[in-house]
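Those protein sequence lines, which keep their order, are chains V and L.
Mapping of the first sequence onto our numbering: position 275 corresponds to residue 425, and the numbering continues sequentially without gaps.
Mapping of the second sequence onto our numbering: position 283 corresponds to residue 433, and the numbering continues sequentially without gaps.
Ideal placement from N, C-alpha and C gives every residue a C-beta, glycine not left out.
All values derive from a computational prediction rather than experimental measurement.
There are 2 protein chains.
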Amino acid sequence: MTRQELYNIIKNKRSFLCVGLDSDINKIPKFLLKEEDPVFEFNKRIIDATIDYTVAYKPNIAFYESRGVKGWQSLEKTIKYINSLDQKVFTIADAKRGDIGNTSKQYAKTFFDPESSGLDFDAVTVSPYMGSDSVKPFLEFKNKWVIILALTSNEGSYDFQYIQPQVPAALERFGIKVKRESRKKLFEQVMTKSLLWGCNEENTMFVIGATKVEMLAGVRLNFPNNFFLVPGVGAQGGSLQEVAEAGMNSKCGLLVNSSRGIIYASDKEDFDIKAGEKAKDLQMQMEKFLFYSKVL
Amino acid sequence: MTRQELYNIIKNKRSFLCVGLDSDINKIPKFLLKEEDPVFEFNKRIIDATIDYTVAYKPNIAFYESRGVKGWQSLEKTIKYINSLDQKVFTIADAKRGDIGNTSKQYAKTFFDPESSGLDFDAVTVSPYMGSDSVKPFLEFKNKWVIILALTSNEGSYDFQYIQPQVPAALERFGIKVKRESRKKLFEQVMTKSLLWGCNEENTMFVIGATKVEMLAGVRLNFPNNFFLVPGVGAQGGSLQEVAEAGMNSKCGLLVNSSRGIIYASDKEDFDIKAGEKAKDLQMQMEKFLFYSKVL
């Protein structure tokens, strides 16, 4: 999917909601366990109930592969089902892969080459620790996207993502000039360096956690056109309004993810209806922010 | 597997060889394609031919999941086959996973909980970009191991892994004392910080690439007892002798991986025999280094 196509979906649905399919067989409603593939059945009903309010679906691969072969079957059925629908939506494999070049190539085949793997996603999340080789092989697929972890929403993000190569203040006190590049925190260096690898606004998004809204406005200034995938609204405590105010650009530029808040809204027969209500609720808030920011 | 058990295998086999099962269906000998599961058949014959010289096997998960459900079937059969053998070996899922806590928990189930996934590895490689949450859930499994990416063997390792938070020389010229912690490069911070997460020499190894042998001796000084998983000997250009000299400790402390050099030694009917010869060759060199370093 191209950036323009994604933007069109956002305008049509008046939403920038991504529904995270973190579908855990131990958490889905018990009555589904009698189905042949309970996780797929769960996903299918969630998708049917939420698709009017949703621009993207993001299966979290861990929840599938933890069930081994069966889990991969549920994943394959889920992505095929989404791709078979009349309403086009953006699909993200939340896999956080990253390895040396020849291995990243295999990961790209996993998520982008249905002839090889049976899966056909629009985008995959990638961890940048191993640098350029982790990202480049994904860029070779036309109209596919890499979503690079920059500033994540979790507690552990403070361990390394804020590391700065120098302490400019201390140095500049003594009249030592510090290069702009050297002032950047690790997550900012990840974003800047990716531009040297062939990443651009048509093939690359960045993960910026909703719990880091204090950094979001600054990041938007430096990357005015890229889409950001924003997890952490809801269960993790981020605020949708703050994210929209700090991060939205003229083509929206945001995909805000909600997983648990939607898919586990109820554990009864009505779980899909409740999920639809939660998604509609978020969509209506998002519509407001899209108007405020003149995206609509 | 405990550290002592691994050490016993190393002593018995006089080897610290890890064979990387980067088994690519497009690269295995063509005559195997008539088998029902060509990749498993390939792995089985490689394992049978190399196990006398090998202390660990490391399937590279990308090469399996790129074939979707079928690939996961090959992976499951492979690990079950290894675990069924009389000769015990250490098994590593080279997956480079890493995510927020509730997701990392699922990844731990994937590789450590056979009731959930069908897979039962001794260890899994983990990417540290997202910090503590990426690692902790794996530590809850007794006698299982997390292998944290520290300094990888690839070109992209220079992008971020050497980033230093301060420039001590410049600061100290002006009499500013720099805390020891602040002198550490990113990969050193990853290693040090992991100690705060519950990582120790009985549950944690680190990836240190063979192409970074200039750093290996220093790293060994700071982490005298941990095992290091060392990729990059062979196809990537690292030297076994240099790695052994710089990195070996009194209990060996090294697992040196070779993938392509062994498994693709021949693409004919004799591929397994040739793989066995290559493995034996490496084992004989390793035996020498184990004697020199008085591990044997």
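Could you say which of 299(V), 315(V), 333(V) and 367(V) lies nearest to residue 344(V) if we only look at CA atoms? Mapped onto the first sequence, residue 344(V) falls at position 194. Of the listed residues, the one whose Cα sits closest to residue 344(V) is 299(V).
What residue range does the alpha helix (DSSP H) around residue 125(V) cover? In the structure as shown, chain V begins at 151 and stops at 446. Residue 125(V) is therefore absent and cannot be evaluated.
Using a Cβ-Cβ cutoff of less than 7 Å, which residues in the same chain neighbour residue 425(V) once the five nearest sequence positions on both sides are dropped? As a working note, residue 425(V) is residue 275 in the first sequence. Cβ neighbours of residue 425(V) beyond the five flanking positions: 196, 199, 200, 412, 413 and 415.
Within 8 Å, do at least three Cβ pairs link the region 272-282 of chain L to the region 213-228 of chain L? no
Going by DSSP, name the residue or residues bridged to residue 168(V). Locating residue 168(V) in the first sequence gives position 18, counting from the first residue. Answer is 206(V) and 407(V).
Residue 280(V): contacting residues in chain L (beta-carbon distance under 9 Å): By one-based count along the first sequence, residue 280(V) stands at place 130. Neighbours of residue 280(V) on chain L, chain order: 246, 277, 299, 302, 304, 306, 307, 309, 310 and 311.
With distances taken from CA atoms, which of 210(V), 286(V), 220(V) and 438(V) is nearest residue 410(V)? Along the first sequence, read from residue 1 onward, the residue named residue 410(V) stands at position 260. Among 210(V), 286(V), 220(V) and 438(V), the Cα nearest to that of residue 410(V) is on 210(V).
Run through chain L and tell me which residues come within less than 7 Å of residue 210(V), C-beta to C-beta. Walking along the first sequence from the start, residue 210(V) turns up at place 60. 253, listed in chain order.
I want to know whether the region 256-265 of chain L touches the region 280-295 of chain L - three or more CB-CB distances under 8 Å. yes
Consult DSSP for residue 228(L) and reduce its assignment to one of helix, strand or coil. As a first step, residue 228(L) must be located in the second sequence, where it is residue number 78. It is helical.
Which chain L residues are close to residue 226(V), counting only those with a beta carbon under 7 Å from its beta carbon? Here residue 226(V) refers to the residue found at position 76 of the first sequence. The contacting residues are 218 and 219.
Hey, does residue 271(V) have any beta-carbon neighbour from chain L nearer than 8 Å? As a position in the first sequence, residue 271(V) is number 121, starting the count at 1. No, residue 271(V) lies away from the interface with chain L (no Cβ there is under 8 Å from its Cβ).
Put residue 153(L) into one of helix, strand or coil per three-state DSSP. Locating residue 153(L) in the second sequence gives position 3, counting from the first residue. Three-state result, residue 153(L): helix.
Of all Cβ atoms in chain V, is any one closer than 8 Å to the Cβ of residue 142(L)? Beyond the ends of chain L as shown, which are 151 and 446, falls residue 142(L); an answer cannot be given.
Those runs of the beta strand (DSSP E) which lie wholly inside the region 340-386 of chain L and span at least 3 residues: Every beta strand (DSSP E) of 3 residues or more that sits fully in the region 340-386 of chain L is shown, in chain order, as 354-358 and 377-380.
On the premise that residue 193(V) lies in contact with residue 173(V), defined as a C-beta separation below 8 Å, what is that separation, rounded to the nearest angstrom? If you number the first sequence from 1, residue 173(V) lands on position 23. If you number the first sequence from 1, residue 193(V) lands on position 43. The Cβ separation is near 6 Å, so the contact holds.
Classify residue 367(V) as buried or exposed, calling it buried when 16 or more other Cβ atoms lie within 10 Å of its own Cβ. The residue labelled residue 367(V) in the question sits at position 217 within the first sequence. Residue 367(V) is exposed by the Cβ-count criterion.
Cβ neighbours of residue 296(L) in the same chain (closer than 6 Å, five flanking residues each side left out): Position 146 of the second sequence, counted from the start, is the residue given in the question as residue 296(L). For residue 296(L), where only same-chain residues beyond five positions count, the Cβ hits under 6 Å are 276, 285, 288 and 354.
Identified DSSP bridge partners for residue 273(V): Along the first sequence, one-based indexing puts residue 273(V) at 123. Paired residue(s): 242(V) and 295(V).
For residue 399(L), which of helix, strand or coil comes out of DSSP? As a working note, residue 399(L) is residue 249 in the second sequence. Strand.
Is the CB of residue 361(V) under 8 Å away from at least one CB in chain L? Here residue 361(V) refers to the residue found at position 211 of the first sequence. So, not an interface residue.
Please report whether the beta-carbon of residue 268(L) lies at a distance below 8 Å from any beta-carbon of chain V. One-based indexing of the second sequence puts residue 268(L) at position 118. Yes, its Cβ sits closer than 8 Å to a Cβ of chain V.
Which chain L residues are close to residue 145(V), counting only those with a beta carbon under 8 Å from its beta carbon? It is not possible to answer for residue 145(V), since the shown part of chain V is limited to 151 through 446.
Within 10 angstroms of its Cβ, does residue 235(L) collect 16 or more other Cβ (buried), or is it exposed? As a position in the second sequence, residue 235(L) is number 85, starting the count at 1. Classification for residue 235(L): exposed.
Simplified DSSP assignment, three categories, for residue 247(L): If you number the second sequence from 1, residue 247(L) lands on position 97. Three-state DSSP puts residue 247(L) in a strand.
Determine whether the Cβ of residue 119(V) lies closer than 8 Å to any Cβ atom of chain L. Nothing about residue 119(V) can be read from this structure; chain V reaches only from 151 to 446.
Three CB pairs or more closer than 8 Å across the region 237-249 of chain L and the region 203-218 of chain L: Three or more beta-carbon pairs separated by less than 8 Å link the region 237-249 of chain L to the region 203-218 of chain L, which places the two stretches in contact.
Strictly below 9 Å CB to CB, what residues from chain V border residue 343(L)? Locating residue 343(L) in the second sequence gives position 193, where the first residue counts as 1. Here the neighbours are 309 and 310.
Pick from 423(V), 303(V), 233(V) and 283(V): whose alpha carbon is nearest that of residue 379(V)? Start at 1 with the first residue of the first sequence, and residue 379(V) comes out as number 229. Of 423(V), 303(V), 233(V) and 283(V), the residue nearest in Cα terms is 303(V).
Min CB distance residue 213(V) to chain L below 8 Å: Numbered from 1 along the first sequence, position 63 holds the residue referred to as residue 213(V). It does: the Cβ of residue 213(V) has a partner Cβ on chain L nearer than 8 Å.
Have a look at residue 356(V) and residue 438(L) and give me their C-alpha separation to the nearest angstrom. Counting from 1 along the first sequence, the entry for residue 356(V) is found at position 206. Counting from 1 along the second sequence, the entry for residue 438(L) is found at position 288. Each residue's CA atom was taken as its position, placing residue 356(V) and residue 438(L) some 49 Å apart.
Assigned secondary structure, residue 388(V) (DSSP; H/G/I helix, E/B strand, else coil): Position 238 of the first sequence holds residue 388(V). Strand, per DSSP.
Compare the Cα-Cα distances from residue 389(L) to each of 372(L), 436(L) and 374(L) and report the closest residue. Within the second sequence, numbered from 1, the residue matching residue 389(L) stands at position 239. Checked all of 372(L), 436(L) and 374(L); the closest Cα to residue 389(L) is 436(L).
So which residues of chain L does residue 340(V) contact, with C-beta pairs closer than 9 Å? The count along the first sequence starts at 1 and reaches residue 340(V) at position 190. Ordered by position in chain L, the residues that pass the 9 Å Cβ test against residue 340(V) are 279, 309 and 310.
Residues near residue 205(L) in its chain [Cβ-Cβ closer than 8 Å; skip 5 each side]: Position 55 of the second sequence holds residue 205(L). Counting only Cβ-Cβ distances below 8 Å, and skipping sequence neighbours, we find 156, 159, 160, 163, 165, 166, 167, 168, 239, 240 and 405.
Just to confirm, are residue 254(L) and residue 305(V) a CB contact at a threshold of 8 Å? Counting from one through the second sequence, the residue named residue 254(L) turns up at place 104. Counting from one through the first sequence, the residue named residue 305(V) turns up at place 155. No; because the gap between Cβ atoms is not below 8 Å, this pair is not in contact.
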